[in-house]
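Q:
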Amino acid sequence: MTSSTFSNKPVTTTKIVVLQQHPVVAHALSFIRDKDTTSAVFRTAMKQVGNVLLSRASEQIPLVPVTIQTPICETTAYQRDPNIPILVVPILRAGLVWADLSLEWLPEAHLYHLGLARNEETLQPISYYNKLPKTTTSKSFDYPPAHAFVIDPMLATGGSAIAAIEALKQRGVLEANITFICLIASPEGLKIVQDAFPALSIVAAAVDDCLNENGYIVPGLGDAGDRVFGTL
-8 MTSSTFSNKP
2 VTTTKIVVLQ
12 QHPVVAHALS
22 FIRDKDTTSA
32 VFRTAMKQVG
42 NVLLSRASEQ
52 IPLVPVTIQT
62 PICETTAYQR
72 DPNIPILVVP
82 ILRAGLVWAD
92 LSLEWLPEAH
102 LYHLGLARNE
112 ETLQPISYYN
122 KLPKTTTSKS
132 FDYPPAHAFV
142 IDPMLATGGS
152 AIAAIEALKQ
162 RGVLEANITF
172 ICLIASPEGL
182 KIVQDAFPAL
192 SIVAAAVDDC
202 LNENGYIVPG
212 LGDAGDRVFG
222 TL
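Under our numbering, think of the first position of the sequence shown as -8, with each following residue one higher.
#1: Near Ile208, what residues of its chain come up, given a Cβ to Cβ distance below 7 Å and the 5 sequence neighbours on each side ignored?
#2: Tell me, to the nearest whole angstrom, how far the beta carbon of Leu97 is from that of Pro135; I am working on the premise that it is less than 8 Å.
#3: Run through the DSSP bridge pairs and tell me what Leu83 is partnered with.
#4: Among residues of its own chain, excluding the 5 on either side of Thr(-7), which ones have a beta-carbon nearer than 6 Å to its beta-carbon?
#5: DSSP beta-bridge partners for Asp217?
#6: Would you mind reading off the limits of the alpha helix (DSSP H) that contains Thr35?
#7: Please return the same chain residues whose Cβ sits closer than 7 Å to the Cβ of Gly149, not counting the five positions on each side in sequence.
#8: With distance defined between alpha-carbon atoms, name the residue in Met37, Ile7 and Gln12 nearest to Phe220.
#9: With a Cβ-Cβ cutoff of 7 Å, do Leu212 and Ile82 count as a contact?
#10: Does DSSP put Ala190 in a helix, a strand or coil?
#11: Taking 7 Å as the cut-off, decide whether the C-beta atoms of Phe171 and Val79 are in contact.
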């Protein structure tokens, strides 16, 4: 395998990956969508889908060659570039479902919670919690070279996604180095986010039919946060 396989060329167009045909994803979605699924089963199915989504999303992270010694001989292997910080930004509250899972995949990542609630009248996001440092440099890394993963199970109107991505860009993270990970997206929200961030990568389990008059995804799954945490 040549080093060109791990090229870190800038992304110039939106990359959208939809994994609804994946056998694990399709099976888990049948339980996630079912209104009679218990919170315990719902969380298990969400973890199964999360593993597939994080596996695909993590392909965005640059690798570098390293020389290692096996029990047999010296050889070249590849590791994540230690000079490139990794940020994971779950949007509260539903994004917490994959927060711990993301640290299993990327244990060296920095986890920053972002609280955004939707105004049910205007459908616009309201920020109520933000742990992202206000400057472009944290105590342990610079933002510009970082790769960031924004996590929110539902991409409905696109308002929360745009607010989260803008917060990262304002701190210097390059748009091409941001990946938005969601369970279900609406076509309307997907287009809004695409138009706003043409260099963004998006990894989703499914793209549904539309939004209803209340801004909920159809057929969807209801309120992801309530179903994850059993607060129906």
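In this text, a Cβ means the ideal position worked out from N, Cα and C, and glycines have one as well.
Since the structure is predicted, the reported quantities are computational estimates derived from the model, not experimental observations.
A: In short, the structure shows the following:
#1: Position 217 of the sequence shown, counted from the first residue, corresponds to residue 208. Within the same chain, Ile208 has close Cβ partners Met145, Ala147, Ile175, Ser177, Asp199 and Leu202.
#2: For the purposes of this step, residue 97 is taken as residue 106 along the sequence shown, with counting starting at 1. For the purposes of this step, residue 135 is taken as residue 144 along the sequence shown, with counting starting at 1. The pair is not a contact, with the Cβ atoms about 19 Å apart (cut-off 8 Å).
#3: Within the sequence shown, numbered from 1, the residue matching residue 83 stands at position 92. Bridge partners of Leu83: Gly106.
#4: Sequence index remark: in the sequence shown, residue -7 carries index 2 (1-based). Reliability of the predicted coordinates at Thr(-7) is poor, the pLDDT of 35 falling under 50, and the value obtained from them is presented with this limitation in mind. Result list for Thr(-7): empty, nothing under 6 Å.
#5: Within the sequence shown, residue 217 is the residue found at index 226, counting from 1. Note: Asp217 sits in no beta bridge, so no partner.
#6: In the sequence shown, residue 35 corresponds to position 44, counting from 1. Unbroken alpha helix (DSSP H) run through Thr35: Ser30 to Ala48.
#7: Along the sequence shown, read from residue 1 onward, the residue named residue 149 stands at position 158. Once the five neighbours on either side are set aside, the close Cβ partners of Gly149 are Gly180, Ile183 and Val184.
#8: Taking the first residue of the sequence shown as position 1, residue 220 is located at position 229. Ranking the options by Cα distance to Phe220, first place goes to Met37.
#9: The residue given as residue 212 occupies position 221 in the sequence shown. The residue given as residue 82 occupies position 91 in the sequence shown. No. Outside cutoff.
#10: Residue 190 sits at position 199 when you count from the first residue of the sequence shown. DSSP places Ala190 in coil when its eight states are reduced to three.
#11: Along the sequence shown, read from residue 1 onward, the residue named residue 171 stands at position 180. Along the sequence shown, read from residue 1 onward, the residue named residue 79 stands at position 88. It is not a contact, given that the beta carbons lie outside the stated cut-off.
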